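Here is the structure we will look at.
4 protein chains.
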Amino acid sequence: MKIAFIGLGNMGSPLAAHLIAAGHELNVWNRSLEKAERHKSAGATVAKTPGDAVKNVEIAITMLADDHAVESLVLPSGGVIDSMAKGATHISMSTISVDLSRRLADEHTKHGQRYIAAPVFGRPDAAAAGKLFIAAAGEKDVVEHCRPVLESLGQKVFVLGDKPEMANVVKLSGNFLIASVIESLGEAIALARKYDIDPHAYVDFLTNSLFSAPVYKTYGGIIADQKYTPAGFKLRLGLKDVRLALQAGEGVDTPLPIASLIRDHMLTAVSHGMEDMDWSSTAKLAAKNAGLE
Amino acid sequence: MKIAFIGLGNMGSPLAAHLIAAGHELNVWNRSLEKAERHKSAGATVAKTPGDAVKNVEIAITMLADDHAVESLVLPSGGVIDSMAKGATHISMSTISVDLSRRLADEHTKHGQRYIAAPVFGRPDAAAAGKLFIAAAGEKDVVEHCRPVLESLGQKVFVLGDKPEMANVVKLSGNFLIASVIESLGEAIALARKYDIDPHAYVDFLTNSLFSAPVYKTYGGIIADQKYTPAGFKLRLGLKDVRLALQAGEGVDTPLPIASLIRDHMLTAVSHGMEDMDWSSTAKLAAKNAGLE
Amino acid sequence: MKIAFIGLGNMGSPLAAHLIAAGHELNVWNRSLEKAERHKSAGATVAKTPGDAVKNVEIAITMLADDHAVESLVLPSGGVIDSMAKGATHISMSTISVDLSRRLADEHTKHGQRYIAAPVFGRPDAAAAGKLFIAAAGEKDVVEHCRPVLESLGQKVFVLGDKPEMANVVKLSGNFLIASVIESLGEAIALARKYDIDPHAYVDFLTNSLFSAPVYKTYGGIIADQKYTPAGFKLRLGLKDVRLALQAGEGVDTPLPIASLIRDHMLTAVSHGMEDMDWSSTAKLAAKNAGLE
Amino acid sequence: MKIAFIGLGNMGSPLAAHLIAAGHELNVWNRSLEKAERHKSAGATVAKTPGDAVKNVEIAITMLADDHAVESLVLPSGGVIDSMAKGATHISMSTISVDLSRRLADEHTKHGQRYIAAPVFGRPDAAAAGKLFIAAAGEKDVVEHCRPVLESLGQKVFVLGDKPEMANVVKLSGNFLIASVIESLGEAIALARKYDIDPHAYVDFLTNSLFSAPVYKTYGGIIADQKYTPAGFKLRLGLKDVRLALQAGEGVDTPLPIASLIRDHMLTAVSHGMEDMDWSSTAKLAAKNAGLE
Chain D
1 MKIAFIGLGN
11 MGSPLAAHLI
21 AAGHELNVWN
31 RSLEKAERHK
41 SAGATVAKTP
51 GDAVKNVEIA
61 ITMLADDHAV
71 ESLVLPSGGV
81 IDSMAKGATH
91 ISMSTISVDL
101 SRRLADEHTK
111 HGQRYIAAPV
121 FGRPDAAAAG
131 KLFIAAAGEK
141 DVVEHCRPVL
151 ESLGQKVFVL
161 GDKPEMANVV
171 KLSGNFLIAS
181 VIESLGEAIA
191 LARKYDIDPH
201 AYVDFLTNSL
211 FSAPVYKTYG
221 GIIADQKYTP
231 AGFKLRLGLK
241 DVRLALQAGE
251 GVDTPLPIAS
261 LIRDHMLTAV
271 SHGMEDMDWS
281 STAKLAAKNA
291 GLE
Chain H
294 MKIAFIGLGN
304 MGSPLAAHLI
314 AAGHELNVWN
324 RSLEKAERHK
334 SAGATVAKTP
344 GDAVKNVEIA
354 ITMLADDHAV
364 ESLVLPSGGV
374 IDSMAKGATH
384 ISMSTISVDL
394 SRRLADEHTK
404 HGQRYIAAPV
414 FGRPDAAAAG
424 KLFIAAAGEK
434 DVVEHCRPVL
444 ESLGQKVFVL
454 GDKPEMANVV
464 KLSGNFLIAS
474 VIESLGEAIA
484 LARKYDIDPH
494 AYVDFLTNSL
504 FSAPVYKTYG
514 GIIADQKYTP
524 AGFKLRLGLK
534 DVRLALQAGE
544 GVDTPLPIAS
554 LIRDHMLTAV
564 SHGMEDMDWS
574 STAKLAAKNA
584 GLE
Chain W
587 MKIAFIGLGN
597 MGSPLAAHLI
607 AAGHELNVWN
617 RSLEKAERHK
627 SAGATVAKTP
637 GDAVKNVEIA
647 ITMLADDHAV
657 ESLVLPSGGV
667 IDSMAKGATH
677 ISMSTISVDL
687 SRRLADEHTK
697 HGQRYIAAPV
707 FGRPDAAAAG
717 KLFIAAAGEK
727 DVVEHCRPVL
737 ESLGQKVFVL
747 GDKPEMANVV
757 KLSGNFLIAS
767 VIESLGEAIA
777 LARKYDIDPH
787 AYVDFLTNSL
797 FSAPVYKTYG
807 GIIADQKYTP
817 AGFKLRLGLK
827 DVRLALQAGE
837 GVDTPLPIAS
847 LIRDHMLTAV
857 SHGMEDMDWS
867 STAKLAAKNA
877 GLE
Chain P
880 MKIAFIGLGN
890 MGSPLAAHLI
900 AAGHELNVWN
910 RSLEKAERHK
920 SAGATVAKTP
930 GDAVKNVEIA
940 ITMLADDHAV
950 ESLVLPSGGV
960 IDSMAKGATH
970 ISMSTISVDL
980 SRRLADEHTK
990 HGQRYIAAPV
1000 FGRPDAAAAG
1010 KLFIAAAGEK
1020 DVVEHCRPVL
1030 ESLGQKVFVL
1040 GDKPEMANVV
1050 KLSGNFLIAS
1060 VIESLGEAIA
1070 LARKYDIDPH
1080 AYVDFLTNSL
1090 FSAPVYKTYG
1100 GIIADQKYTP
1110 AGFKLRLGLK
1120 DVRLALQAGE
1130 GVDTPLPIAS
1140 LIRDHMLTAV
1150 SHGMEDMDWS
1160 STAKLAAKNA
1170 GLE
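Those protein sequences? They're chains D, H, W and P, same order as listed.
With my numbering applied, the first sequence covers 1 to 293.
With my numbering applied, the second sequence covers 294 to 586.
With my numbering applied, the third sequence covers 587 to 879.
With my numbering applied, the fourth sequence covers 880 to 1172.
What follows is the structure in structure tokens.
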């Protein structure tokens, strides 16, 4: 299949490599040319603009940092929508707002194009290992058309509904749930430490009993070690996602009180200069609030 | 070993049975005689008072409903402490406050007795199946002395520290973490439903990707089904435990903001007549607050 | 002085009347022409467009519903900025975001014009009676130049700083403080009612002892009477302002946890169909959460 | 009238002096004898025990630090209840829990005695100046019987209901409302400071417009000055009262979410060593959380 891949950062780059490995013909584009060039030797064609990349492809994939990046590359004249062929499909894999996802859906429809959202769960190492979980949503036949491509990008594809923004809701609420795990673990571990309980023994107990999920192991370990740098996922990106989850809630008059609480703690962490630490550093704040550190 | 078992409710009864099956000589006592009599045929001796039950035993185990029950049976003249032999050990398996656990430790020391706390994680069916997780704490040699008994009561024993109340902190903070899972799932599922996402598909996604722990499966299922009765663990008991976690925090000047938020939601649920529903019915409240139901 | 007045709603209309009464030459514009025509007999000139209204005036005043209304009338070609003379001054009295206020400041500077923000505190009846409090900010000499005009519009003018957005911060945080009074009163009155205390006696006590400010009298009375319609200020407008206060906080990495809590309660109220009630109807929710009503 | 006054601290001492000045015959008792002796020259009789003080009096007044002090002096054999005559009246002016107030009511009834609660609002200087506000509750004729005494102790007496604990609910919820003012002002002033608004100008604006109540003037001034020592009312006492308000809420299944939030912030303040600062130092924490200080 002829595919365009826009956005070759930590997440996009390994995904593009998977597509080439799977035998697809790939046009790639990235803001900094250098990262795009790396895929040349594997057989990718490096495009000069996003518009050039998506001309004549069957599927265009975007994996970009945020709403702003997606908007500025996809919507303007000469951009992705303007350049895609009628009938071609855009798979948006970025973590973006529900509102933008709806707007993309509308614009593609107006241009006779097809659009699904398929954001992912997992860190760059999971992307490289083909271990991402993919949450997809959109019109059923479009999703099915894209399924083989998606399956070559991760370990499992979940279809969450027939409107693309449903996948964005799943992504944002999923990140909210991870942030909730971090916040509650942070509070519980601070309490344990105040009672002189060894935090590693405590986390060991949790993750070998009721809380055996990967997310508890990952973040329980970081918090017990108090090792918030280098960041796996930066606090300011986490704050952005919690904010998008709150916005998704506002859009349907739904409060998310735990998300509000986390947002406030993250803002405090940012005001303390922790924005480039791992987003689990809200646990550092919980320790501080308990008089530790 | 000669053991006394005080408290033969949903949790205590299967544990007593395990001890008899393991070959221990058991004195049992329960407030309602009937439940004690059931263990007679298996070989237990039914005592008339808690004091009678613990005379001449090496280990006395209590598994009672709350602080009040423990205080009224253990502390008064003619009660457990008053009747236990010097050198005998009390294993407190009830979910009680940190303060009471410390007081028990002090009293046992004054009486030349030994004391550990060993609260459990798991529901009555897990107790029956020998699948409980046991969090123990106390002086190292005392814990080791009790280990074979504890191991016959559950699937795994974790030792969390040398002061008994540490195990109570682990139990209370563990219940707080479960309540956090329920609250955050409740909010996330309400959001998903408002976007017309099927709650079962949503929970299926979560529990087959990052949130694969039992606690997400159990409560995700209940919330997706909106099936809060019959209660596995009643809301008013959950509220009691969250309150004890907050008290444990107060004792060491440690705020637990998520626990505060959960407490407030549970109080609202109680004021809405939901106190005998499963404690996951705070998710019903989250749905209500989103205009669902 | 030659003045333009844009926006003749409940608040703007009495202010325009004050200016005419004070002897100023007034151009008026309103989206619905009818409201503008009413000022004709008093001597105002009705303009066809906001641009027409502000041509050749020394001062242009805008009093509009929200960011969107201000943006769409002030920024486009042919709008207020495009049509004002160099050296003329724009007084923005609307409750708008800090971001928009900054953007207006920038645009006016680019066009050689002057700009201050002067939002007001008080309801329409206070506007009619000349009893508004005005919070002004901007370059000192510009504010002083506008002072006589502002003084003819309210009972007192406060100058809060030399950057226009400071006045917007004061307005938004002021509304946040009022919302905090409502929320805390709602909780306290619900508690009092549960203990069979007469809510009117309770409010009477408060407002005749430590809480003698008008804001407690107004909202204490509404809550004790449970009379949330007709709305003095609609819940959805209150929610908008609390959201703008939170955004102002985000802009400087400052959490406002009470505002987060109020936002969540207001969202719940909206999801319960209360968006057109008075914004003090969050107190109705507090009563509901206590099992009352 | 023959009156006993138990508890001559900062608040009790000026009240006792008012009673002597009003011509009443006074027995006084205080834990540290020295403070009692000071009233001797004015004509008071210094009793050796609380029991001695209340024998043969018509009215016994207690003004003590907390539940513990009241319990230990009033309930034991030889204490206040044991020694009061049948038909005599106990006026409890201390800030105590709803539960203890109910228990006192029960005990007095059992002993054929009468009991009202009459806690006060105001600081020691207000007590000395006769400026306290008094919130009284209890059986109507008993309250009326005590009214002349109460009126000699403060500037205004409010009767809140016929059950004594109603007055305690009013006192605790009133302190909660003051704490809410402090918390919301702390957040708002931190926001204003981040936008370079002078905090004194900001408070001046608030207290001369909508927030003209004494409580805003007192605490707005302290926060703008960042002068949290010496404490007018210590943080740890404020935390105690917020906790009692939360307990009063629990007793009737009523959440007080703002009180929960304040409790958490106060605990953090205590863990930062601020327990002996003025309770408005939660505003210092709000500033810290905004990256100020």
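Quick reminder that beta carbons are idealized off the backbone N, C-alpha and C, glycines included.
Predicted model, so just to flag it, every value in this text is computed and none were measured.
Taking buried to mean at least 16 other C-beta atoms within 10 Å of its own C-beta, is residue i buried or exposed?
i: W:D782; result: exposed
i: H:Q540; result: exposed
i: H:K433; result: exposed
i: P:S951; result: exposed
i: H:E476; result: buried
i: D:H68; result: exposed
i: P:N1054; result: buried
i: H:L308; result: buried
i: P:L1118; result: buried
Please report whether the beta-carbon of residue i lies at a distance below 8 Å from any beta-carbon of chain P.
i: W:T681; result: no
i: H:T561; result: yes
i: H:E543; result: yes
i: W:E725; result: no
Using the Cα positions of residue i and residue j, report the straight-line distance between them to the nearest angstrom.
i: D:W279; j: H:G371; result: 55 Å
i: H:H311; j: H:A346; result: 18 Å
i: W:H676; j: W:G837; result: 24 Å
i: P:V936; j: P:M963; result: 7 Å
i: H:M386; j: H:A411; result: 5 Å
i: P:F884; j: P:L1032; result: 12 Å
i: P:A967; j: P:L905; result: 15 Å
i: W:R617; j: W:K820; result: 21 Å
i: H:D569; j: H:A524; result: 7 Å
i: P:P1134; j: W:I809; result: 17 Å
i: W:R895; j: W:E730; result: Examination of residue 895 of chain W is not possible in this model, given that chain W is present from 587 through 879 alone.
i: H:M294; j: H:V435; result: 15 Å
i: D:A129; j: D:V203; result: 27 Å
i: W:T681; j: W:A651; result: 7 Å
i: W:M597; j: H:M567; result: 46 Å
Can you pull the chain A residues whose beta carbon is under 8 Å from the beta carbon of residue i, in chain order?
i: D:D225; result: Any reference to chain A falls outside this structure, whose protein chains are D, H, W and P.
Check the Cβ of residue i against every Cβ in chain P and list those closer than 8 Å, keeping chain order.
i: H:R556; result: P1134, S1139
i: W:P800; result: L1089, S1091
i: W:K742; result: N1087, S1088
I want to verify the contact list: residues of chain H whose CB lies under 8 Å from the CB of residue i, in sequence order.
i: P:S920; result: Residues of chain H passing the Cβ test: none, with the nearest at roughly 44 Å.
Contact criterion: CB-CB distance below 8 Å. Does residue i meet it with respect to chain D?
i: W:S857; result: yes
i: H:F526; result: no
i: H:G584; result: yes
Give me the chain D residues within the contact set of residue i, using Cβ-Cβ distance strictly less than 8 Å, ordered along the chain.
i: P:N1047; result: Going along chain D, no residue has its Cβ under 8 Å from P:N1047, so there is no contact; the nearest lies around 30 Å.
For a contact defined as C-beta to C-beta under 7 Å, what are the partners of residue i on chain W?
i: P:K1073; result: V838, T840
Quick one: list the residues of chain W neighbouring residue i, beta-carbon separation under 9 Å, in chain order.
i: P:L1039; result: A778, I783, D784, A787, Y788, F791
Report back the beta-carbon spacing between residue i and residue j to the nearest angstrom; my notes put them in contact at under 8 Å.
i: W:T854; j: W:G772; result: Actually they do not touch by this definition, with Cβ atoms about 13 Å apart.
i: W:A756; j: W:L746; result: Looking at the sequence shown, residue 756 of chain W is not Ala but Val. Their Cβ separation, rounded to whole angstroms, is 5 Å, which keeps W:V756 and W:L746 in contact under 8 Å.
i: W:V801; j: P:F1000; result: Not really, about 19 Å apart at Cβ, beyond 8 Å.
Going along chain H, which residues have a C-beta under 7 Å from residue i?
i: D:I182; result: The contacting residues do not exist; D:I182 stays about 11 Å from chain H at best.
Is there at least one Cβ from chain W nearer than 8 Å to residue i's Cβ?
i: P:F884; result: no
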